[in-house]
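Residue numbers (the numbering used here): 1 to 104.
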């Protein structure tokens, strides 16, 4: 499974790279804090797979990297080959990029 670090994600965001960010946490978690990704909870990832790009890089994130890793595995079984897991999730983002972001 491909992974990207929070530093790599920040670089993508800073340079306005052409990619898609998917947040697989639950809506109530997304409301607490998010990185402006598209919110598709893990339980619905296969049902809403048509919302996920196949022609540009896609980074999947969650709180710690565990649920997003599950999402990557599920989607790869459906033929996606452009996915990366955000290593450490939003917790790593808080620790390494933005200590002010709220996490739970």
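C-beta: ideal position from N, C-alpha, C; glycine also.
Keep in mind the model is a prediction, meaning the values are calculated, not measured.
Annotation for residue 23: no alpha helix (DSSP H) segment contains it, though the beta strand (DSSP E) segment containing it runs 20 to 23. Contact annotation: the stretch 81 to 100 touches the stretch 5 to 17, with at least three C-beta pairs closer than 8 Å. Every beta strand (DSSP E) stretch that sits fully inside the stretch 32 to 90 and reaches 3 residues is listed by chain position as 58 to 61 and 83 to 86.
Between the alpha carbons of residue 96 and residue 47 lies a distance of about 33 Å. Residue pairing for residue 4: DSSP places it in a beta bridge opposite 86. DSSP, reduced to helix, strand and coil, places residue 99 outside both helices and strands of the structure shown, so it counts as coil. Taking C-beta atoms as the reference points, residue 24 and residue 59 fail to come closer than 8 Å.
Cα atoms of residue 81 and residue 13: separation of roughly 21 Å, rounded to the nearest angstrom.
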